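Each remark here refers to the structure printed beneath this line.
Protein chains: 2
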Amino acid sequence: MTIGTKPSKPTLAAVAQEAGVSTPTVSKVINGREDVADETRARVLAALERTGYKTPSQRRSVPSRRAVEAVFDSLNSAYAVEVLNGVLEQAAIADMEVVLSVTSRQSGSPLGPEERAQRLIDEGRSGMIVVTSAFNSGQLNAFQRRRIPIVVVDPLNPPPGDVFSVGASNWAGGKAAAAHLLALGHRRIAYIGGPESAECSQARLHGYMAALMAEGISVQEEYVLAGPFRPSNGVQAMKSLLALDDPPTAIFAASDSIALGVLAEARRQNVRIPEELSLVGFDGTHQAAESVPPLTSVSQPLQDMGRSAVNFILRQMNGEDIDSRRVELATHLVVRESTAAPRPAAHRFTAKEAGAGNRGT
Amino acid sequence: MTIGTKPSKPTLAAVAQEAGVSTPTVSKVINGREDVADETRARVLAALERTGYKTPSQRRSVPSRRAVEAVFDSLNSAYAVEVLNGVLEQAAIADMEVVLSVTSRQSGSPLGPEERAQRLIDEGRSGMIVVTSAFNSGQLNAFQRRRIPIVVVDPLNPPPGDVFSVGASNWAGGKAAAAHLLALGHRRIAYIGGPESAECSQARLHGYMAALMAEGISVQEEYVLAGPFRPSNGVQAMKSLLALDDPPTAIFAASDSIALGVLAEARRQNVRIPEELSLVGFDGTHQAAESVPPLTSVSQPLQDMGRSAVNFILRQMNGEDIDSRRVELATHLVVRESTAAPRPAAHRFTAKEAGAGNRGT
DNA sequence: CTGAAAGCGCTTACAG
DNA sequence: CTGAAAGCGCTTACAG
Numbered sequence: 001m002t003i004g005t006k007p008s009k010p011t012l013a014a015v016a017q018e019a020g021v022s023t024p025t026v027s028k029v030i031n032g033r034e035d036v037a038d039e040t041r042a043r044v045l046a047a048l049e050r051t052g053y054k055t056p057s058q059r060r061s062v063p064s065r066r067a068v069e070a071v072f073d074s075l076n077s078a079y080a081v082e083v084l085n086g087v088l089e090q091a092a093i094a095d096m097e098v099v100l101s102v103t104s105r106q107s108g109s110p111l112g113p114e115e116r117a118q119r120l121i122d123e124g125r126s127g128m129i130v131v132t133s134a135f136n137s138g139q140l141n142a143f144q145r146r147r148i149p150i151v152v153v154d155p156l157n158p159p160p161g162d163v164f165s166v167g168a169s170n171w172a173g174g175k176a177a178a179a180h181l182l183a184l185g186h187r188r189i190a191y192i193g194g195p196e197s198a199e200c201s202q203a204r205l206h207g208y209m210a211a212l213m214a215e216g217i218s219v220q221e222e223y224v225l226a227g228p229f230r231p232s233n234g235v236q237a238m239k240s241l242l243a244l245d246d247p248p249t250a251i252f253a254a255s256d257s258i259a260l261g262v263l264a265e266a267r268r269q270n271v272r273i274p275e276e277l278s279l280v281g282f283d284g285t286h287q288a289a290e291s292v293p294p295l296t297s298v299s300q301p302l303q304d305m306g307r308s309a310v311n312f313i314l315r316q317m318n319g320e321d322i323d324s325r326r327v328e329l330a331t332h333l334v335v336r337e338s339t340a341a342p343r344p345a346a347h348r349f350t351a352k353e354a355g356a357g358n359r360g361t
Numbered sequence: 001m002t003i004g005t006k007p008s009k010p011t012l013a014a015v016a017q018e019a020g021v022s023t024p025t026v027s028k029v030i031n032g033r034e035d036v037a038d039e040t041r042a043r044v045l046a047a048l049e050r051t052g053y054k055t056p057s058q059r060r061s062v063p064s065r066r067a068v069e070a071v072f073d074s075l076n077s078a079y080a081v082e083v084l085n086g087v088l089e090q091a092a093i094a095d096m097e098v099v100l101s102v103t104s105r106q107s108g109s110p111l112g113p114e115e116r117a118q119r120l121i122d123e124g125r126s127g128m129i130v131v132t133s134a135f136n137s138g139q140l141n142a143f144q145r146r147r148i149p150i151v152v153v154d155p156l157n158p159p160p161g162d163v164f165s166v167g168a169s170n171w172a173g174g175k176a177a178a179a180h181l182l183a184l185g186h187r188r189i190a191y192i193g194g195p196e197s198a199e200c201s202q203a204r205l206h207g208y209m210a211a212l213m214a215e216g217i218s219v220q221e222e223y224v225l226a227g228p229f230r231p232s233n234g235v236q237a238m239k240s241l242l243a244l245d246d247p248p249t250a251i252f253a254a255s256d257s258i259a260l261g262v263l264a265e266a267r268r269q270n271v272r273i274p275e276e277l278s279l280v281g282f283d284g285t286h287q288a289a290e291s292v293p294p295l296t297s298v299s300q301p302l303q304d305m306g307r308s309a310v311n312f313i314l315r316q317m318n319g320e321d322i323d324s325r326r327v328e329l330a331t332h333l334v335v336r337e338s339t340a341a342p343r344p345a346a347h348r349f350t351a352k353e354a355g356a357g358n359r360g361t
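For the protein sequence lines, the chains are U and D, in the order given. All residue numbers for the first sequence refer to the UniProt record's numbering, where the first residue is 1 and numbers rise by one. All residue numbers for the second sequence refer to the UniProt record's numbering, where the first residue is 1 and numbers rise by one.
Take a look at the structure:
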């Protein structure tokens with residue numbers, strides 16, 4: 001794999017010497033001429049192999065520096081950009097190119113799975129990294145069938161069993177988030193999830209439930225909400241939660257972007273975080289670190305996930321025997337300033353206080 | 001080879017004859033060597049064009065899909081991601097691939113300009129879009145010399161005269177920002193700039209100065225600060241400005257990221273925006289729209305800039321005669337909620353009030 | 001900066 | 001079939 005020191009590029013003459021024949025003979029073999037004895041041809045082919053000879057055009061036009069195709073849903077999330085950064089970093093180390101495309105920007109005529117797979121082969125791609133839900137399992141299979149190495153990163157839904165994928169430990173992350181809030185003394189903890197169909201959100205929800213149940217706290221239905229991974233979801237959910245008779249003292253949001261929506265709505269309603277409400281996000285993007293207050297968040301190793309995806313492609317290319325088709329990287333809770341112990345029960349915050357007392361100040 | 005006729009494959013020698021020079025000279029031009037007189041180079045380039053000469057590797061290579069190389073400093077800014085989105089969109093429309101690399105992630109051995117240019121040719125790239133200050137003019141010239149279409153997007157500093165570039169009307173944007181604040185009634189307006197060496201920041205500063213001078217207001221030295229295009233710069237600058245005896249009632253920040261730092265520090269010191277301080281950013285990234293309060297900002301057409309860069313490459317590829325090598329797209333002020341009329345003079349906000357009255361609340 | 005001359009790597013034509 | 005020799009197209013080193 002090292003491109004570093006080449007003693008000297010093997011020439012025709014060197015191959016000839018290795019094979020014990022003249023240069024014209026090697027030339028004939030390379031150019032597929034028929035006037036060469038089978039035995040001689042075999043010796044020359046062996047020598048070509050040993051010396052790693054490349055024809056001038058092979059040397060010059062390097063038709064394909066290895067390239068991975070990276071397909072994203074969009075780049076309009078800090079999440080996607082972080083994964084991309086990891087992909088770029090590992091690709092640079094492996095001296096591979098990254099050909100980037102974004103499904104939302106696809107030109108008019110979307111290619112069918114078979115055509116797309118064929119084009120990937122024609123262009124000499126080494127593989128494809130998929131960070132989008134735009135491919136269904138039929139399409140993924142079209143790539144597999146043509147033996148194009150493929151890796152799906154953090155799929156909303158699990159890919160077919162034989163497709164490689166990279167994800168994060170969502171269940172453990174959800175459990176850690178809820179456990180942190182429980183340890184601070186919270187008992188009324190809400191969960192604002194991603195789309196109900198998304199496996200990763202379900203896993204986070206079940207981690208949250210596991211933590212509550214371990215403390216003997218039953219999960220209240222009205223505390224469990226769902227929606228897209230967007231700030232608007234956080235805004236809406238926050239409004240619903242504040243309107244409850246018994247609003248939560250803490251919220252676990254299934255993504256930082258949702259949490260940012262919660263934060264914005266909290267500020268609008270003058271609910272102070274963390275004094276009146278604790279908030280935990282998920283993803284650990286730089287947005288979480290830079291928000292005011294900085295957000296406690298379950299950090300996913302997004303760059304590592306991007307790096308792992310590239311490594312997975314490389315290992316498939318090398319024909320390595322890979323025992324597990326799924327890699328799950330650990331999440332970890334990063335405690336910042338959006339979580340604190342709940343206020344004493346007497347001063348419990350309610351929606352009515354927010355509406356009346358604080359708004360106009 | 002028959003004498004006098006022009007057979008199918010034009011050779012170096014044929015080109016040399018056509019140009020009235022020796023074969024070594026043609027060889028030098030093709031390989032981008034510098035030891036060729038400009039006038040000679042022009043003659044040879046013309047002869048290459050007329051004869052339709054192809055290098056051996058060009059003759060052998062299979063025509064593949066057109067691809068642009070896009071080189072960014074990093075993707076850790078909303079600015080860069082927006083430009084990239086524009087590049088991706090226009091490239092998709094033109095059915096071109098985008099090969100993405102990030103200079104900060106370059107693998108161990110950075111390529112020299114000549115090698116890098118050669119590799120671009122070897123890989124069959126159609127051109128290169130540069131969104132980084134990592135290339136000096138010598139390097140840019142190395143690409144120009146080899147006839148690789150190249151476009152520099154919003155250069156911190158202007159590229160050499162013959163390099164194509166895409167930018168935004170920074171001076172007009174700076175003027176619009178200051179004029180907006182003046183129209184609201186502000187008279188003490190500070191400017192927090194980018195790096196002093198950056199042309200774009202200088203242009204914004206001079207636009208700001210022009211607006212003040214048009215109102216007969218002299219620019220106060222202590223109100224003009226500079227630093228990197230990062231939130232930390234905004235934080236530092238905000239601290240200095242608040243420490244002045246006569247702090248400004250409005251701040252024009254040379255980028256949204258700087259403004260976000262100002263916003264964070266303002267919140268920390270309980271300076272309310274816009275009630276006590278008006279704030280204008282620059283760039284118009286989604287960060288400006290999503291901050292609390294949403295930021296008034298001079299919007300750059302970042303996606304359009306990315307799109308224009310791709311179009312510039314396409315036009316160079318098509319050999320179009322391009323009259324202007326610089327395209328400057330219009331900026332426009334987007335007024336949101338971070339700007340308002342200053343408080344009446346009697347209640348003028350001072351640093352001391354912030355320190356004493358509000359902090360502990 | 002230019003180009004005659006030498007050189008390089010490969011191919012071709014042909015004698016054996 | 002094989003390979004010495006001539007040839008081709010391009011590059012390099014260097015004298016002027």
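Ideal Cβ positions, reconstructed from N, Cα and C, are used throughout, including at glycine. Since we're looking at a predicted model, the values are computed, not measured.
Sequence-distant residues of its chain with Cβ nearer than 7 Å to residue i (five each side left out)
i: U/G173; result: R204, G207, F282, V298, T331
i: U/P63; result: Note on U/P63: pLDDT 49, under 50, position unreliable in the model; the coordinate value appears next. So the qualifying residues of the chain are G124.
i: D/S137; result: P159, P160
i: D/H286; result: A78
i: D/A37; result: none
Check whether residue i and residue j have beta carbons under 9 Å apart
i: D/I217; j: D/L182; result: yes
i: D/E222; j: D/L242; result: no
i: D/G306; j: D/L120; result: no
i: D/V83; j: D/L302; result: yes
i: U/G86; j: U/S240; result: no
i: U/P247; j: U/R187; result: no
i: U/V271; j: D/R268; result: no
i: D/F143; j: D/A117; result: yes
i: D/R146; j: D/G319; result: no
i: D/Y53; j: D/A46; result: no
Chain-order list of residues whose beta-carbon lies under 8 Å from that of residue i (same chain, five-residue window excluded)
i: D/V262; result: I192, G234, V235, A237, M238, I251, A253, L279
i: U/A67; result: M96, E97, V98, V99, E123, G124, R125, S126
i: D/V102; result: V71, F72, D73, S74, L75
i: D/P228; result: G194, P195
i: U/S232; result: G261
i: U/V21; result: T40, R43, V44
i: D/S169; result: E328, L329, A330, T331
i: D/R50; result: E18
Boundaries (first-last residue) of the beta strand (DSSP E) holding residue i
i: D/I192; result: 189 to 192
i: D/D154; result: Where D/D154 is concerned, there is no enclosing beta strand (DSSP E), given that its DSSP letter is neither H nor E.
i: U/A168; result: 164 to 168
i: residue 364 of chain D; result: Summary: the structure shown does not reach residue 364 of chain D, with chain D confined to residues 1 through 361, and so no result is reported for it.
i: U/I251; result: 250 to 253
6 Å Cβ shell around residue i - same chain, five flanking residues per side excluded
i: D/A341; result: L184, G185
i: D/A179; result: A211
i: U/R230; result: S257
i: U/A134; result: T103
i: U/A264; result: none
i: U/Q90; result: R307, V310
Delimiting residues of the alpha helix (DSSP H) encompassing residue i
i: U/E39; result: 38 to 51
i: D/A70; result: Per DSSP, D/A70 belongs to no alpha helix (DSSP H); it is in the beta strand (DSSP E), 67 to 72.
i: U/A259; result: 256 to 268
i: D/P231; result: 231 to 242
i: U/P160; result: No alpha helix (DSSP H) contains U/P160, which DSSP labels as neither H nor E.
For residue j and residue i, believed in contact at Cβ under 8 Å, the rounded distance
i: U/I150; j: U/L140; result: 7 Å
So within the region 288 to 350 of chain U, which uninterrupted alpha helix (DSSP H) runs reach at least 4 residues, ignoring any that extend past its ends? 302 to 317
Quick check on the DSSP output: what are the complete beta strand (DSSP E) runs of length 3 or more inside the region 92 to 152 of chain D, in order along the chain? 97 to 102, 127 to 131
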